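**Student:** From first to last, the protein sequence lines stand for chains R and X.
Going by the numbering used here, the first residue of the first sequence is number 33, and it counts up by one from there.
Going by the numbering used here, the first residue of the second sequence is number 516, and it counts up by one from there.
Glycine included, C-beta positions come from ideal geometry on N, C-alpha and C.
This structure is a prediction, so every number in the text was calculated from the model and none was measured.
Could you have a look at this structure, given as structure tokens, before my questions?
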Amino acid sequence: MASGHQASGIQAGRLPSQEITNNFGDLHPAYDAHEAAVAADRCYFCYDAPCMTACPTSIDIPQFIREIQTGNPEAAARSILKQNILGGMCARVCPTETLCEEVCVRETAEGKPVEIGRLQRYATDVIMAKAEHPFARAASTGKRVAVVGAGPAGLAAAHRLAMLGHEVVIHEVKSKSGGLNEFGIAAYKSTNDFAAREVNWLMQIGGISVVYGQGLGSGLTLDALTADFDAVFLSIGLAGVNALRAPGEDKDGARDAVEFIAELRQSEDLSKLAVGRNVVVIGGGMTAVDAAVQSKLLGAENVTIAYRRGQDAMGASRFEQDLATSKGVKLMFNVMPVAVHGDGAASEIELDYTTVKDGKVSGLGETFRLAADQVFKAIGQTLEGQPEGLVLEGRKIKVDATGRTSVKGVWAGGDCASGGEDLTVTAVAEGRDGAIDIHSSLMG
Amino acid sequence: MADLTTEFLGIKSPNPFWLASAPPTDKEYNVRRAFEAGWGGVVWKTLGEEGPPVVNVNGPRYGAIFGADRRLLGLNNIELITDRPLEVNLEEITRVKKDYPDRAIIVSIMVPCEEQAWKDILPKVEATGADGIELNFGCPHGMAERGMGSAVGQVPEYIQMVTEWCKKYYSKPVIVKLTPNITDIRQPARAAKNGGADAVSLINTINSIVSVDLDIMAPNPTIGDKGTHGGYCGPAVKPIALNMVAEIARDPETHGLPISAIGGVTNWRDAAEFISLGAGNVQVCTAAMTYGFKVVEEMISGLSQWMDEKGHDSIADFIGQAVPNVTDWQYLNLNYVAKAVINQDDCIKCGRCFAACEDTSHQAIAMTEDRVFTVKDDECVACNLCVSVCPVENCITMEQVAPGQLDERTGDLVSGDYANWTTHPNNPSATAAE
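Quick look at the structure:
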């Protein structure tokens with residue numbers, strides 16, 4: 033019977049354990065001090081720097097890089113963290129190639145930006161290795177704020193609120209904090225349990241308690257929260273997953289990519305995590321790439337990303353696409369799933385070529401089949417379990433520029449709220465800004 | 516390939532690149548390696564009197580200033596003259612010169628300011644067969660406190676006196692090495708010439724504290740818990756050296772006196788610049804100490820290439836070519852008007868020109884919301900700061916406003932006449948234009 037890559041079906045241990053460990057090592061290894069100095073020296077200290085404008089948390093990038101360059105990574109880290117308390121995670125997962133590094137003038141000049149993300153990681157690693165938390169709480173205000181959801185937005189809001197002297201209770205439906213930092217995101221971007229370490233570090237500010245196993249609709253109501261607390265911040269993410277709406281998608285072997293990634297992230301031993309021989313990922317965003325690449329790293333023989341639009345429309349950046357192809361993932365464009373076939377378990381997926389007219393995708397009726405013992409659905413997440421009474425915008429909770437929802441005393445941020453891209457860094461900015469607005473509202 | 520053969524004071528060397536008197540030329544072993552690597556000549560590290568040699572510190576002797584990527588820009592040292600016995604050095608010089616008759620060997624000397632001391636050492640040096648001597652009147656640390664080195668170089672009368680002794684007791688060329696730790700470099704150069712020197716060499720190192728160790732609160736390099744001032748050299752000192760060389764080259768009293776230029780020569784271009792300002796050859800130390808002797812290959816190939824491009828057959832072709840164009844400020848043409856021009860195709864929109872001009876200069880650069888930077892001709896004084904801070908070479912240029920055109924800043928038409936400060940109406944001591 034074939035083993036390794038060629039083992040049929042969904043199998044664990046397709047690669048030797050050590051190889052899997054190596055495969056899931058740091059995507060961008062940390063700089064040492066000299067590498068950081070050399071990288072920092074490349075920064076031009078631009079006036080009104082484009083990188084800073086491009087950063088959703090408006091980190092003063094020229095300033096922190098200059099602080100690294102002058103041998104003071106701790107000061108650099110404070111410059112980063114005062115804007116973005118999850119600066120360590122953002123340094124690892126931000127699509128810098130479409131944010132700060134895309135607009136770096138050295139990208140314009142040489143096609144090689146200052147490596148802002150790696151420099152940010154260097155500085156934040158240095159300060160997080162210290163025993164002392166870099167921020168102190170203001171005197172207690174006596175106000176209590178409830179945060180629902182311990183993802184990036186909720187954590188950022190909680191930290192800022194605690195820093196401003198409020199007492200914060202985070203309600204998290206899962207048994208662990210971190211949100212997508214902990215349960216989403218490719219493992220090679222958050223190695224050595226970084227997400228959990230960062231949460232512990234953040235909590236050192238004090239004044240934040242977390243209640244696990246509680247979410248809206250599971251033990252909590254918005255009415256009760258607004259009654260018990262002076263303010264409420266909702267950061268409940270997008271718990272729902274879009275369906276393929278293709279026959280056979282409920283067959284064994286077809287599942288949501290986010291669920292696979294969460295299982296992978298929580299796995300103690302990746303050599304025991306099963307993956308298909310022929311994996312097809314439906315979708316074109318970061319989740320699709322994370323699922324596809326990690327399938328390949330686990331030892332899947334053939335991994336294909338099938339995206340229904342053209343390459344330019346793909347949500348995953350060109351960097352992510354190149355990462356996928358470099359790991360041996362095949363990218364297919366303008367194809368959409370028609371059906372998942374198989375006798376009980378999936379064995380093939382039927383795809384149709386598409387055309388896009390006026391933004392609308394339609395099938396051409398030229399179908400073909402790919403071997404697929406595992407199909408990952410990564411076609412987007414949706415808001416689910418939101419409380420009654422909140423006005424929505426599109427399919428998200430409607431908020432104004434400072435995160436206020438339609439209900440008095442309730443703010444929202446992160447992926448569940450309208451406005452901004454669904455990125456960790458955007459969530460952090462929204463959490464921070466919501467907290468600041470809650471503070472002025474409570475103290476005003 | 517241009518011929519780099521150089522004749523300096525009648526001393527021939529295959530190229531104008533000599534190693535300066537310093538650690539790289541302290542021993543036969545180093546000098547042989549240097550000659551094998553292609554250096555045209557060496558100035559042997561300074562010899563002292565017969566008898567127990569000087570001693571050096573046993574802690575760090577060097578401190579450094581770095582640019583990006585730890586590129587060494589300036590080096591400071593507290594090393595003294597050779598700490599090996601005179602006899603050993605003389606024997607080695609004799610052997611090396613015999614084996615490398617086509618290379619220049621100059622012997623650097625520093626003995627007390629007494630005629631007898633010079634009278635004693637010079638015949639011994641002459642006996643080595645070396646091509647000439649260089650008088651070390653420049654070392655700013657350690658020896659100066661003993662009445663030697665820069666203590667002599669700072670007193671023109673002493674320079675002249677010692678030079679005269681050397682000319683009296685030594686038959687070959689005498690080069691006087693000058694210290695830059697002095698207000699007017701022309702004075703010691705004139706003294707050397709008056710004493711009969713065949714040439715001057717400059718600059719020796721600059722008195723300096725390279726940095727302070729903020730943990731132990733002492734200057735670097737630190738010996739235990741104390742440090743001292745040392746001699747500064749390397750690329751950072753080149754501008755100071757260029758000016759001093761030019762000052763001597765254009766001083767009517769010393770014009771034409773051969774100069775061996777020293778001070779931050781790191782590549783072929785530095786050498787070409789020194790030679791254009793009047794040097795007959797150059798001496799190198801820090802570049803060799805930073806990169807090893809192999810650097811001379813780039814100096815040789817680069818200088819040859821440039822000479823070929825410019826049509827120079829020999830070094831002598833362009834010695835001093837730039838000297839007539841070095842003038843005093845008061846003779847600069849005040850009717851020459853230029854404006855900065857930013858090439859939008861090359862601009863990478865970093866905004867450094869804007870920050871520099873807006874914060875620290877003349878508010879002559881405009882910035883749009885989408886980061887387009889343009890020069891305001893009615894404010895621009897052509898100061899060149901924007902060019903200096905722009906990270907893209909030639910993105911900003913200074914363009915002359917032709918005579919007859921409007922200078923938008925002054926509202927006047929640019930005059931084609933030459934007019935300088937000496938005739939300017941604002942100058943209280945102006946002389947009427949003829």
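Could you work out which residues of chain R lie near residue 584 (chain X), taking near to mean beta carbons separated by less than 7 Å?
**Tutor:** 70 and 73
**Student:** Return the residue from the list R:401, R:139 and R:389 that minimises the CA-CA distance to residue 372 (chain R).
**Tutor:** R:401
**Student:** Identify the residues that DSSP records as bridge partners of residue 425 (chain R): which are they?
**Tutor:** R:428
**Student:** Does the beta carbon of residue 863 (chain X) sit closer than 8 Å to a beta carbon anywhere in chain R?
**Tutor:** yes
**Student:** Compare the C-beta of residue 907 (chain X) against all C-beta atoms of chain R and say whether one is closer than 8 Å.
**Tutor:** yes
**Student:** Between the Cα of residue 4 (chain R) and the Cα atoms of R:347, R:375 and R:341, which residue gives the shortest distance?
**Tutor:** There is simply no residue 4 (chain R) to check, as chain R begins at 33 and stops at 476 in what is shown.
**Student:** Residue 597 (chain X) and residue 574 (chain X) look like a contact to me (Cβ under 8 Å); what is the Cβ gap, rounded to whole Å?
**Tutor:** Residue 597 (chain X) to residue 574 (chain X), Cβ: 19 Å. No contact.
**Student:** Does the segment 295 to 307 of chain R come close enough to the segment 437 to 454 of chain R to have 3 or more Cβ pairs within less than 8 Å?
**Tutor:** no
**Student:** Name the one or two DSSP bridge partners that residue 748 (chain X) has.
**Tutor:** X:590
**Student:** How about the segment 425 to 440 of chain R and the segment 158 to 167 of chain R: do they share at least three Cβ pairs that are nearer than 8 Å?
**Tutor:** no
**Student:** Do the segment 532 to 547 of chain X and the segment 213 to 229 of chain R make contact, defined as three or more Cβ pairs closer than 8 Å?
**Tutor:** no
**Student:** Here's a check: name, in chain order, each residue in its chain whose Cβ is nearer than 8 Å to the Cβ of residue 845 (chain X), leaving out the five neighbours to either side.
**Tutor:** So the list reads 935, 936 and 937, once near-sequence residues are dropped.
**Student:** Would you please verify whether the beta carbon of residue 141 (chain R) is less than 8 Å from any beta carbon of chain X?
**Tutor:** yes
**Student:** In three-state terms, what does DSSP make of residue 215 (chain R)?
**Tutor:** Looking at residue 215 (chain R) - three-state DSSP - the assignment turns out to be helix.
**Student:** Compute the Euclidean distance between the alpha carbons of residue 82 (chain R) and residue 102 (chain R), then round it to the nearest angstrom.
**Tutor:** 22 Å
**Student:** For residue 530 (chain X), count neighbouring C-beta atoms within 10 Å of its own C-beta (all shown protein chains included) and say buried if the count is 16 or more, exposed if not.
**Tutor:** buried
**Student:** Take every Cβ of the segment 329 to 341 of chain R, pair it with every Cβ of the segment 259 to 278 of chain R, and state whether three or more of those distances are shorter than 8 Å.
**Tutor:** no
**Student:** Nearest chain R C-beta to residue 866 (chain X) closer than 8 Å, yes or no?
**Tutor:** yes
**Student:** With DSSP run on the structure shown, which of helix, strand or coil describes residue 663 (chain X)?
**Tutor:** coil
**Student:** In its own chain, which residues sit with a C-beta less than 8 Å from the C-beta of residue 748 (chain X), not counting the 5 before and 5 after it?
**Tutor:** 589, 590, 591, 592, 720, 721, 778, 779, 800 and 801
**Student:** Would the beta-carbon of residue 459 (chain R) fall within 8 Å of that of residue 447 (chain R)?
**Tutor:** yes
**Student:** Are residue 744 (chain X) and residue 723 (chain X) close, meaning C-beta to C-beta below 8 Å?
**Tutor:** yes
**Student:** Which word fits residue 918 (chain X), buried or exposed, when buried means at least 16 other C-beta atoms lie within 10 angstroms of its C-beta?
**Tutor:** exposed
**Student:** How is the beta strand (DSSP E) around residue 733 (chain X) delimited, first residue to last?
**Tutor:** 733 to 735
**Student:** Who are the neighbours of residue 869 (chain X) on chain R, taking C-beta pairs under 9 Å?
**Tutor:** 79 and 80
**Student:** Does any residue of chain X have a CB that is nearer than 8 Å to the CB of residue 489 (chain R)?
**Tutor:** Because residue 489 (chain R) is not part of the residues shown, which for chain R are 33 to 476, the question remains open.
**Student:** Am I right that residue 718 (chain X) and residue 693 (chain X) are in contact with their C-beta atoms under 8 Å? What's the rounded C-beta distance?
**Tutor:** 7 Å
**Student:** Tell me which residue opens and which closes the alpha helix (DSSP H) that residue 463 (chain R) is part of.
**Tutor:** Residues 456 to 475.
**Student:** So that I know if they touch, is there some Cβ in chain X lying closer than 8 Å to that of residue 154 (chain R)?
**Tutor:** no
**Student:** Alpha carbon to alpha carbon, how far is residue 72 (chain R) from residue 151 (chain R)?
**Tutor:** 7 Å
**Student:** Considering Cα atoms alone, identify which of X:922, X:752, X:739 and X:556 is closest to residue 622 (chain X).
**Tutor:** By alpha-carbon distance to residue 622 (chain X), the top candidate from X:922, X:752, X:739 and X:556 is X:556.
**Student:** Under 8 Å: do the segment 286 to 293 of chain R and the segment 414 to 427 of chain R share three or more Cβ pairs, one atom per stretch?
**Tutor:** no
**Student:** Taking Cβ positions, are residue 994 (chain X) and residue 897 (chain X) nearer each other than 8 Å?
**Tutor:** Residue 994 (chain X) lies beyond the stretch modelled for chain X, which goes from 516 to 949, so this question has no answer here.
**Student:** What is the DSSP secondary structure of residue 322 (chain R), counted as helix, strand or coil?
**Tutor:** helix
**Student:** Using only the alpha-carbon positions, how far apart do residue 180 (chain R) and residue 204 (chain R) sit?
**Tutor:** 6 Å
**Student:** If you measure from the beta carbon of residue 244 (chain R) to each beta carbon in chain X, is any gap under 8 Å?
**Tutor:** no
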